[in-house]
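Below is one structure, written out as structure tokens; the observations come after it.
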Amino acid sequence: MAELGSIVNGVVDGVTKFGVFVNFGDGESGLVHISELSYDYITDINEFFKKGDEVSAKVIKIDDRGKISLSIKQAQPKPQKPKKSSPRPDSFDWTAREEEELSFEDRMSRFKHESEEILRDNKRRMENKRSGGYSRKSH
Numbered sequence: 714m715a716e717l718g719s720i721v722n723g724v725v726d727g728v729t730k731f732g733v734f735v736n737f738g739d740g741e742s743g744l745v746h747i748s749e750l751s752y753d754y755i756t757d758i759n760e761f762f763k764k765g766d767e768v769s770a771k772v773i774k775i776d777d778r779g780k781i782s783l784s785i786k787q788a789q790p791k792p793q794k795p796k797k798s799s800p801r802p803d804s805f806d807w808t809a810r811e812e813e814e815l816s817f818e819d820r821m822s823r824f825k826h827e828s829e830e831i832l833r834d835n836k837r838r839m840e841n842k843r844s845g846g847y848s849r850k851s852h
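When you line the sequence shown up against the numbering used here, it's residues 714 to 852, in that order.
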């Protein structure tokens, strides 16, 4: 019988769009929800898991009916995030990594930085329109 917090080894029994089912022997199986598969963002589970794959997972919940929820990512050490030298958004080298490799925080920082630039440009354009732009005085 699986115990809450224990690590179980099993075989992927089924793959769905919302997670994978893992059979870990003695007629026991559990579901690994898509959010508990990896620390990385997963768009297509089939690219990472297929029926018959061997996995290790942590038992994170057992409900009243005995359904077992598992986590593959919690059974692994959490990856270290790279340290940034400066918290300023404009100091981050955006060309260093592909968009899909950026963490959520980095994506938000990039979005904020780009939005501020757009707002600044729009404000300048509006101020130029109000002042009438360049005009020559004729005498």
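Ideal placement from N, C-alpha and C gives every residue a C-beta, glycine not left out.
Nearest to Asn722 by alpha carbon, out of Asp757, Glu767 and Ile773?
Glu767
Entirely within the region 726–811 and at least 4 residues each: give me those alpha helix (DSSP H) ranges in chain order.
none
Could you tell me which residues DSSP pairs with Asn722 in its beta bridges?
By DSSP's assignment, Asn722 forms a beta bridge with Ser769.
Looking at Leu717 and Leu744, is the spacing between their C-beta atoms short of 8 Å?
Their beta carbons are not under 8 Å apart, which means Leu744 does not touch Leu717 by this criterion.
Once you ignore the five residues that flank Lys764 on each side, which residues in its own chain have a CB closer than 8 Å to its CB?
Here the set comprises Val725, Asp726, Gly727 and Val728.
Arg833 versus Arg823: straight-line alpha-carbon distance, rounded
For Arg833 and Arg823, the distance between alpha carbons rounds to 15 Å.
Rank Glu840, Arg838, Tyr752 and Glu829 by C-alpha distance to the C-alpha of Ile785 and give the top, closest one.
Taking only the C-alpha atoms, the option nearest Ile785 is Tyr752.
Express the C-alpha separation of Pro792 and Ile775 in angstroms, rounding to a whole number.
27 Å
Would you mind sorting Phe737 into buried or exposed? The rule is 16 or more other CB atoms within 10 Å of its CB.
Here Phe737 is buried, its C-beta having at least 16 other C-beta atoms within 10 Å.
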